[in-house]
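Numbering (our numbering), first residue to last: 1 to 489.
Virtual Cβ for every residue (Gly too), placed ideally from N, Cα, C.
Below is one structure, written out as structure tokens; the observations come after it.
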Amino acid sequence: MRRGIGIGGVCALVVAGCASEPAVESAVDTMPPAASAPASTSTSTTITVPSVTTIPTVSTTTGPLPSPTVSPSSLPPSSAVPPTTSVLPVSGPVDEADADGLDETVDPLGEVVYDDPTFDIGPQVDIDIDLARFPVDDAGIGGGAPEPGAPDEPDDTPLTGWAAVDRYLESVLVVPGNTAAALAVSIGGDVVHTAAFGERDPSTGDPAEPHDRFRIASISKPITAIVAMTLVEDGVVGLDDPIGGVLAEHVGLSSVSSGAQQLTLRRLLSHRSGFGKYESTFFRSGADDCTDAARQGLARGVGGGGYIYSNMNYCLAGLLIEALTGLTYEQAAYQQLLTPLGISGMRLAPTFDPGPDEIQHQTTDGRNYMETLGGAGSWIASPTDLVTILDSLDLSTSGFKPLDQSTVFQMAIPVGGQYGQRGYGLGLISYGDGRFGHTGTIESTHAMLLNRGDGVTWALTVAGQSPSESTALEQIMNRAFEAGGFVTG
């Protein structure tokens with residue numbers, strides 16, 4: 001069993017997300033890979049966890065969750081088609097030229113469908129880990145769920161603890177334009193609280209459940225990076241080995257440019273390959289699937305090695321995993337990561353037709369971005385799945401560890417930077433103050449996954465248009481902790 005690195009707790013705030021493509025194939029840096037920052041700019045506060053209460057309109061679980069029983073040979077589930085699919089009609093043509101080179105793209109309905117990730121989030125808040133894990137003291141005073149048969153609290157009784165956290169999140173995330181959200185929080189690798197809000201499918205009115213799977217968009221990238229890095233550790237491929245020829249053969253190209261021949265896994269995972277954003281390819285039905293998109297990218301060639309956040313990099317990384325393992329990308333992810341973690345039900349989902357226990361995301365008719373993104377943004381997962389995956393990189397927690405400590409350090413350090421600086425590493429974003437993770441944004445989806453660096457991990461998934469920026473979920477979660485009475489001082 002591999003062992004990971006102790007880089008602290010993990011936070012995951014999920015609202016499905018994704019990426020885009022400008023026509024420009026420039027290698028000019030659009031954002032520095034690492035940004036210097038003071039060691040800490042946060043105001044020191046303490047979070048204490050009061051009693052855990054239930055909210056009738058919110059599906060929640062609190063306390064350690066049992067690990068699912070999964071056969072070692074588990075493979076991704078087959079696609080299932082529900083009775084209905086929510087579709088947003090296209091109201092007019094898209095001027096792709098207007099979108100090229102921008103950090104975000106707005107569809108004809110005015111919804112942001114892509115954001116470059118930012119490395120800046122709000123100030124850190126401190127959490128009293130012991131109180132969060134053990135909210136009831138030895139004398140029985142403090143938190144804990146109500147006794148069986150106990151009467152419900154009066155409506156005018158202020159909520160505290162996780163109940164207040166859930167109520168706050170529901171109030172800011174289940175709003176017009178949004179249909180569902182879900183939360184998972186872990187401490188020291190143990191999931192201590194989950195909740196879900198809104199409806200799994202607005203057409204049926206079925207309530208969302210904590211185990212439901214949402215689009216996670218670009219949070220797919222850390223998954224792809226972890227699987228790719230297991231192959232590096234196993235000696236299957238080197239981070240700096242030329243891989244262009246392997247990729248060309250895999251997608252059916254007889255030859256590629258010399259620049260594409262010299263592509264490396266490090267350049268793909270750090271977004272320094274020279275590929276442009278390829279927005280129309282991935283988001284405007286410019287390709288049939290990830291393989292078709294990759295074929296276009298390789299045939300078109302690459303620029304220099306400057307930082308350009310591009311889904312092409314991780315589409316290709318997923319295909320490289322296939323070429324090197326002889327498995328589908330999904331099968332390799334299950335073999336190398338998901339099955340050993342006890343995760344089942346995750347899959348590369350289609351743009352339409354969600355299956356059982358999958359959230360309905362409103363989608364514009366005619367799009368196929370879930371098919372084209374592949375390893376860059378097509379996974380669906382529950383918040384608990386995401387917390388479990390990111391916690392697997394933390395050596396201080398128990399359970400399966402897919403990577404060695406030195407490998408995780410490489411993933412967490414921004415290219416050209418130092419550990420703890422803000423910037424993009426190899427599939428992980430460093431947000432400073434010891435925080436690591438990733439964001440994701442796509443149509444009717446926003447997501448954020450964050451390792452707080454203090455042993456706490458939380459994941460929040462949202463189906464809808466709000467907030468407008470996925471990194472805002474971190475501030476929303478901090479305010480939810482405050483609403484629960486966890487922040488003092």
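{"query": "DSSP bridge partner residues for residue 358 (one or two, in chain order)", "result": "213"}
{"query": "Sequence ranges, beta strand (DSSP E) only - wholly within the stretch 448-481, length at least 3", "result": "456-464"}
{"query": "Helix, strand or coil at residue 80 according to DSSP, with G and I counted as helix", "result": "In this prediction, residue 80 has a pLDDT of 37, which is less than 50 and means its spatial position is unreliable; nothing more can be read from the coordinates."}
{"query": "Proximity winner among 186, 243 and 364, relative to residue 269 (alpha-carbon distances)", "result": "243"}
{"query": "Proximal residues to residue 351 (C-beta, below 8 angstroms), its chain only, five neighbours per side dropped", "result": "363, 367, 368, 369, 370 and 371"}
{"query": "Residues near residue 233 by beta carbon distance below 8 angstroms, same chain, minus five either side", "result": "2, 403, 404 and 407"}
{"query": "Sequence-distant residues of its chain with Cβ nearer than 6 angstroms to residue 146 (five each side left out)", "result": "Model confidence at residue 146 stands at a pLDDT of 39, short of 50, so the residue's coordinates are unreliable and nothing is read from them."}
{"query": "Close Cβ partners of residue 185 (< 6 angstroms) along its chain, the five nearest in sequence each way excluded", "result": "192, 193 and 458"}
{"query": "Nearest neighbour of residue 424, chosen from 228, 276, 308 and 296 [CA to CA]", "result": "308"}
{"query": "Buried or exposed by the 16-neighbour rule on C-beta atoms within 10 Å, applied to residue 384", "result": "buried"}
{"query": "Rounded straight-line distance, which links the Cα of residue 190 to that of residue 512", "result": "Residue 512 cannot be examined here, being either before or after the span of the chain that is shown, 1 to 489."}
{"query": "Proximity of residue 316 and residue 330 at Cβ, strictly below 8 angstroms", "result": "no"}
{"query": "Outcome for residue 518 when other beta-carbon atoms lying within 10 angstroms are tallied against a minimum of 16", "result": "This structure does not reach residue 518, given that the chain is present from 1 up to 489, and the question cannot be answered."}
{"query": "Complete alpha helix (DSSP H) runs within the stretch 275-338 (minimum length 4 residues, chain order)", "result": "279-283, 290-300, 311-325 and 329-333"}
{"query": "Buried or exposed (CB count within 10 angstroms, at least 16 for buried), residue 176", "result": "exposed"}
{"query": "Contacts around residue 320, its chain only, beta-carbon distance under 8 angstroms, and the 5 residues preceding and following it disregarded", "result": "228, 237, 243, 246, 247, 250, 265 and 268"}
{"query": "Separation of residue 439 from residue 359, as counted between CA atoms", "result": "19 angstroms"}
{"query": "Whole-angstrom distance between residue 289 and residue 253, CA atom to CA atom", "result": "16 angstroms"}
{"query": "Beta bridge counterpart(s) of residue 199 as assigned by DSSP", "result": "207"}
{"query": "Meets three-Cβ-pair contact criterion under 8 angstroms: the stretch 413-429 and the stretch 208-220", "result": "no"}
{"query": "Nearest-angstrom Cα separation, counted from residue 235 out to residue 241", "result": "11 angstroms"}
{"query": "Span of the beta strand (DSSP E) around residue 272", "result": "Segment: none, residue 272 is in no beta strand (DSSP E) and carries neither H nor E."}
{"query": "Paired residues, beta bridge with residue 162 - DSSP", "result": "Its beta-bridge partners do not exist; DSSP assigns none."}
{"query": "For residue 500, the nearest candidate out of 391, 225 and 287 (CA to CA)", "result": "Past the edges of the chain, shown from 1 to 489, lies residue 500, and the structure says nothing about it."}
{"query": "Contact set for residue 165: own chain, Cβ-Cβ below 7 angstroms, skip 5 residues either direction", "result": "480, 481, 483 and 484"}
{"query": "Residue 313 vs residue 377 beta-carbon contact at 8 angstroms", "result": "no"}
{"query": "Straight-line Cα distance separating residue 328 from residue 294", "result": "15 angstroms"}
{"query": "Given residue 448 as reference, the closest of 436, 455, 454 and 456 once Cα atoms are compared", "result": "436"}
{"query": "Backbone secondary structure at residue 224 - three-state DSSP", "result": "helix"}
{"query": "Reference residue 207; option with closest CA among 256, 433 and 180", "result": "180"}
{"query": "Local Cβ density within 10 Å of residue 281, reported as buried at 16 or more and exposed below that", "result": "buried"}
{"query": "Between the CA atoms of residue 231 and residue 205 - distance to the nearest angstrom", "result": "44 angstroms"}
{"query": "Residue from 341, 260, 182 and 187 whose Cα sits closest to the Cα of residue 304", "result": "260"}
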